[in-house]
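First residue of the sequence shown: 28, per this note's numbering; consecutive thereafter.
C-beta: ideal position from N, C-alpha, C; glycine also.
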Amino acid sequence: MSEVLLELDRLQVDFQLPQGRVSAVKEVSLTVNAGETLALVGESGSGKSISATSILRLLPELAEARGAIHWHGLQGRENLLEVSNRRMRAIRGNEISMIFQEPMTSLNPLQRIGRQIGEVLDKHTDLQGKAVRERVIALLEQVGIPDPRRRALSYPYELSGGQRQRVMIAMALACEPKLLIADEPTTALDVTVQAQILGLLKSLQQRYGMAVLFITHDLGIVRQIADRVCVMRHGEVVEAATTQDLFAAPRHDYTRMLIDAEPHGRKLPVPTSAPVMLEASQVSVRFALKKRLFRANQYFEAVRGIDLRIQRGQTVGIVGESGSGKSTLGRALLRLLESSGNIRFDDTELSHLDGKAMRPLRSRMQVVFQDPFGSLSPRMTVGEIISEGLRVHQPELSRRQRLDQVTAVLEEVALDPSMHRRYPHEFSGGQRQRIAIARAWC
Numbered sequence: 028m029s030e031v032l033l034e035l036d037r038l039q040v041d042f043q044l045p046q047g048r049v050s051a052v053k054e055v056s057l058t059v060n061a062g063e064t065l066a067l068v069g070e071s072g073s074g075k076s077i078s079a080t081s082i083l084r085l086l087p088e089l090a091e092a093r094g095a096i097h098w099h100g101l102q103g104r105e106n107l108l109e110v111s112n113r114r115m116r117a118i119r120g121n122e123i124s125m126i127f128q129e130p131m132t133s134l135n136p137l138q139r140i141g142r143q144i145g146e147v148l149d150k151h152t153d154l155q156g157k158a159v160r161e162r163v164i165a166l167l168e169q170v171g172i173p174d175p176r177r178r179a180l181s182y183p184y185e186l187s188g189g190q191r192q193r194v195m196i197a198m199a200l201a202c203e204p205k206l207l208i209a210d211e212p213t214t215a216l217d218v219t220v221q222a223q224i225l226g227l228l229k230s231l232q233q234r235y236g237m238a239v240l241f242i243t244h245d246l247g248i249v250r251q252i253a254d255r256v257c258v259m260r261h262g263e264v265v266e267a268a269t270t271q272d273l274f275a276a277p278r279h280d281y282t283r284m285l286i287d288a289e290p291h292g293r294k295l296p297v298p299t300s301a302p303v304m305l306e307a308s309q310v311s312v313r314f315a316l317k318k319r320l321f322r323a324n325q326y327f328e329a330v331r332g333i334d335l336r337i338q339r340g341q342t343v344g345i346v347g348e349s350g351s352g353k354s355t356l357g358r359a360l361l362r363l364l365e366s367s368g369n370i371r372f373d374d375t376e377l378s379h380l381d382g383k384a385m386r387p388l389r390s391r392m393q394v395v396f397q398d399p400f401g402s403l404s405p406r407m408t409v410g411e412i413i414s415e416g417l418r419v420h421q422p423e424l425s426r427r428q429r430l431d432q433v434t435a436v437l438e439e440v441a442l443d444p445s446m447h448r449r450y451p452h453e454f455s456g457g458q459r460q461r462i463a464i465a466r467a468w469c
């Protein structure tokens with residue numbers, strides 16, 4: 028039988044909010060064994076990430092955790108909810124590490140990535156100077172970063188999404204932890220990069236012999252990597268089983284619903300007589316590269332000669348690997364980037380309109396960005412974020428009318444309307460994406 032590494036015993040996490048106490052995690056009990064991968068699955072807001080951040084005592088100030096989290100580490104069995112802050116700092120990043128959902132908001136934008144990985148080594152090891160730099164380069168090489176010596180000098184914004192996630196993995200594994208917590212580490216990545224990251228995590232797990240607590244809502248990933256699965260709903264564990272048993276014979280109704288909800292590529296009918304809403308012809312986007320003295324400007328062509336036609340009611344999928352130009356094309360179609368070619372929206376030619384002329388059309392052309400946390404202002408409540416477009420495009424509405432619309436659209440995206448007073452950091456990643464959809468829809 029495998030050695031137990033981590034035990035959550037009746038873990039309870041409550042938030043004291045102005046509207047009262049809210050229980051986010053309700054007496055959750057589970058174990059993680061040495062060397063295994065335990066998947067924690069469930070819908071947005073089910074308590075997965077809160078349970079994980081409780082392990083490292085990274086909960087917000089308004090949260091209160093009770094119960095016990097027993098860790099079998101370098102100093103034997105300890106309750107992480109009771110150890111000193113000093114001991115907890117020694118555990119974080121050393122015995123237990125975590126990869127967060129959004130690497131761009133987890134990495135310091137003002138520091139080179141080599142420096143950020145080096146900070147972990149400075150904190151938890153005796154390495155110094157050149158030894159730290161060589162270890163950083165070795166870690167970047169292990170996680171598949173090309174030309175690691177040069178990339179160690181890069182800033183986060185100079186890397187692709189997949190490369191930033193590899194940097195987070197390198198940072199998490201710097202001290203060879205016994206447990207790695209991976210919180211939705213592949214959510215914002217395309218399927219090609221996602222497969223690479225999952226393969227990398229599996230190979231590194233075998234190399235270091237560590238356990239992995241993998242948080243996800245994607246059952247396809249669970250099938251690939253997990254030994255056991257815990258299913259959460261409304262802050263409770265409703266089912267726990269081996270991966271094989273869970274998919275072969277799920278016991279709980281919610282688990283069966285999750286499995287049945289997996290997408291199966293159902294073909295949608297294509298409208299034949301609907302009017303054309305958006306038409307693009309020979310759209311290209313290029314970016315100027317760094318200018319050099321006495322040389323002509325050089326350009327990188329991110330999108331080249333795209334033709335596109337979308338009818339009212341039609342859904343068109345644009346797919347491709349990271350860096351293929353998908354997001355750049357989307358921004359160009361919305362006139363958020365300069366482009367060449369022709370773009371027509373509802374019989375209006377957009378290509379030569381300036382910002383002022385585009386403004387009336389913005390209410391009919393909306394976007395949901397890839398990173399919901401980065402696109403939502405942390406200083407505004409959810410109600411203010413969603414109603415911002417109404418204040419710009421429908422200034423005649425009263426405050427009461429705007430609130431009514433915010434309430435209605437929150438219900439449309441399956442969020443409690445009372446949440447409009449909260450801030451983005453109080454929501455899970457999936458809930459933040461619902462807020463971004465609500466803003467676009469409103």
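C-alpha distance - residue i paired with residue j, whole-angstrom precision
{"i": "Val-218", "j": "Pro-296", "result": "25 Å"}
{"i": "Gly-72", "j": "Arg-162", "result": "38 Å"}
{"i": "Tyr-281", "j": "Val-436", "result": "26 Å"}
{"i": "Ile-208", "j": "Arg-418", "result": "41 Å"}
{"i": "Leu-85", "j": "Glu-453", "result": "13 Å"}
{"i": "Ala-179", "j": "Glu-423", "result": "52 Å"}
{"i": "Arg-254", "j": "Gly-382", "result": "Checking the displayed sequence, the identity of residue 254 turns out to be Asp instead of Arg. C-alpha separation (whole angstroms): 53 Å."}
{"i": "Pro-173", "j": "Val-49", "result": "46 Å"}
{"i": "Ser-378", "j": "Arg-362", "result": "8 Å"}
{"i": "Val-194", "j": "Leu-137", "result": "15 Å"}
{"i": "Ala-288", "j": "Lys-157", "result": "52 Å"}
{"i": "Ala-267", "j": "Arg-283", "result": "13 Å"}
{"i": "Arg-116", "j": "Leu-335", "result": "53 Å"}
{"i": "Leu-186", "j": "Ser-311", "result": "23 Å"}
{"i": "Arg-270", "j": "Ala-276", "result": "Before going further, note that residue 270 is Thr rather than Arg in the sequence given. For Thr-270 and Ala-276, the distance between alpha carbons rounds to 10 Å."}
{"i": "Ser-414", "j": "Leu-364", "result": "25 Å"}
{"i": "Ser-354", "j": "Val-110", "result": "46 Å"}
{"i": "Leu-33", "j": "His-97", "result": "6 Å"}
Contact check, residue i vs residue j, beta carbons under 8 Å
{"i": "Ala-95", "j": "Ser-81", "result": "no"}
{"i": "Leu-38", "j": "Glu-63", "result": "no"}
{"i": "Ile-126", "j": "Asp-210", "result": "yes"}
{"i": "Ile-337", "j": "Leu-305", "result": "yes"}
{"i": "Val-265", "j": "Val-258", "result": "yes"}
{"i": "Ser-402", "j": "Ser-76", "result": "no"}
{"i": "Met-446", "j": "Val-409", "result": "yes"}
{"i": "Val-394", "j": "Gly-368", "result": "no"}
{"i": "Pro-405", "j": "Arg-459", "result": "no"}
{"i": "Tyr-182", "j": "Arg-113", "result": "no"}
{"i": "Thr-132", "j": "Cys-202", "result": "no"}
{"i": "Ala-307", "j": "Ile-242", "result": "no"}
Endpoints, beta strand (DSSP E) assigned at residue i
{"i": "Ile-77", "result": "It is not in any beta strand (DSSP E) - Ile-77 instead sits in the alpha helix (DSSP H) that spans 75-82."}
{"i": "Tyr-182", "result": "Tyr-182 -> no beta strand (DSSP E), and no H or E assigned at all."}
{"i": "Asp-210", "result": "206-210"}
{"i": "Ala-463", "result": "Run containing Ala-463: none in the beta strand (DSSP E); it sits in the alpha helix (DSSP H), 456-468."}
{"i": "Asp-41", "result": "31-44"}
{"i": "Gln-338", "result": "326-338"}
{"i": "His-151", "result": "Careful: His-151 lies outside any beta strand (DSSP E), inside the alpha helix (DSSP H) at 140-151."}
N-terminal and C-terminal residue of the alpha helix (DSSP H) that residue i is part of
{"i": "Gln-192", "result": "188-199"}
{"i": "Ile-172", "result": "Ile-172 -> no alpha helix (DSSP H), and no H or E assigned at all."}
{"i": "Lys-383", "result": "382-389"}
{"i": "Met-259", "result": "Segment 255-260 is the beta strand (DSSP E) holding Met-259; no alpha helix (DSSP H) there."}
{"i": "Glu-415", "result": "409-420"}
{"i": "Thr-434", "result": "426-439"}
{"i": "Thr-219", "result": "218-235"}
{"i": "Val-310", "result": "No alpha helix (DSSP H) contains Val-310, which is instead part of the beta strand (DSSP E) from 303-315."}
Anticipated Cβ contact below 8 Å, residue i with residue j, distance rounded
{"i": "Leu-108", "j": "Glu-122", "result": "That pair is no contact at about 16 Å."}
{"i": "Leu-240", "j": "Val-52", "result": "At roughly 14 Å, the Cβ-Cβ gap does not stay under 8 Å, so Leu-240 and Val-52 are not in contact."}
{"i": "Phe-396", "j": "Ala-463", "result": "7 Å"}
{"i": "His-244", "j": "Gly-457", "result": "7 Å"}
{"i": "Leu-57", "j": "Leu-35", "result": "5 Å"}
Heavy atom of the ligand GTP within 7 Å of residue i beta-carbon
{"i": "Gly-188", "result": "The model depicted lacks the ligand GTP and carries no ligand whatsoever."}
Would you call the stretch 243-263 and the stretch 61-71 touching, i.e. three or more CB-CB distances under 8 Å? yes
I'd like to know if the stretch 184-202 and the stretch 140-150 are in contact, where contact means that at least 3 CB-CB pairs between them fall below 8 Å. yes
Indicate whether the contact test is met: 3 or more Cβ pairs, each with one atom in the stretch 147-155 and one in the stretch 228-235, closer than 8 Å. no
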